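Numbering of the sequence shown is given in this note's numbering, commencing with residue 60 and proceeding in unit increments. Every residue gets a Cβ at the ideal spot worked out from N, C-alpha and C, and that includes glycine. Note that the structure is predicted; figures quoted are calculated from it, not measured. This report refers to the structure that appears directly beneath it.
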Amino acid sequence: MRKLLFIAVSVFTVLLISCDADQESTREQDLAYLNQLLSEIELLANSKDCTDATEWEFTGIGSKSCGGYTGFIAYHKDIDTELLFQKIEEHIEAQTIYNQKWGVAGDCAVTVEPTGVVCEEGKAVLTY
60 MRKLLFIAVS
70 VFTVLLISCD
80 ADQESTREQD
90 LAYLNQLLSE
100 IELLANSKDC
110 TDATEWEFTG
120 IGSKSCGGYT
130 GFIAYHKDID
140 TELLFQKIEE
150 HIEAQTIYNQ
160 KWGVAGDCAV
170 TVEPTGVVCE
180 EGKAVLTY
């Protein structure tokens, strides 16, 4: 049920954004789209309680203007990882376009990769 709701919200969001392809989007609209994608990714990634850290992995998300990930996110191995990675790739592409379109300049520091995942109060927490 949760998966169907997630897919429905995703399709609705894409339809809303693509209704008028001839109209140039504003910076605020583009940022809202990025935030919506990130919310969908986080919702899917956190759709299971963390009770056993060995059942969790992590992956990079986002796109810095200089290249590389903006951060990392933990996800349970038993969720729809194909959908998760599809959403993450969509977010990376959208953020790359956003950075280029709006001339975003960010730090070029390498984002530190986590060493693992631990469970704290039912939530997956990245360790460094």
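7 Å Cβ cutoff met for residue i and residue j
{"i": "S205", "j": "A91", "result": "Nothing can be reported for residue 205: it is not among the residues displayed for the chain, which extend from 60 to 187."}
{"i": "G181", "j": "D108", "result": "yes"}
{"i": "A133", "j": "L96", "result": "no"}
{"i": "L143", "j": "L103", "result": "yes"}
{"i": "Q145", "j": "G121", "result": "no"}
{"i": "S106", "j": "I147", "result": "no"}
{"i": "W115", "j": "A168", "result": "no"}
One or two residues paired with residue i in a DSSP bridge
{"i": "Y134", "result": "E116"}
{"i": "L191", "result": "It is not possible to answer for residue 191, since the shown part of the chain is limited to 60 through 187."}
{"i": "G175", "result": "T186"}
Cα-Cα separation, residue i to residue j
{"i": "D166", "j": "H150", "result": "19 Å"}
{"i": "Q141", "j": "E83", "result": "The sequence as given places Glu at residue 141; Gln does not occur at that position. If I take the Cα positions, the gap works out to 31 Å."}
{"i": "Y157", "j": "K136", "result": "30 Å"}
{"i": "G175", "j": "Y187", "result": "7 Å"}
{"i": "R86", "j": "L93", "result": "11 Å"}
{"i": "Y128", "j": "T170", "result": "7 Å"}
{"i": "Q159", "j": "D89", "result": "12 Å"}
{"i": "C178", "j": "E172", "result": "18 Å"}
Per-residue DSSP class, three states only, for residue i
{"i": "E180", "result": "coil"}
{"i": "T186", "result": "strand"}
{"i": "Q154", "result": "helix"}
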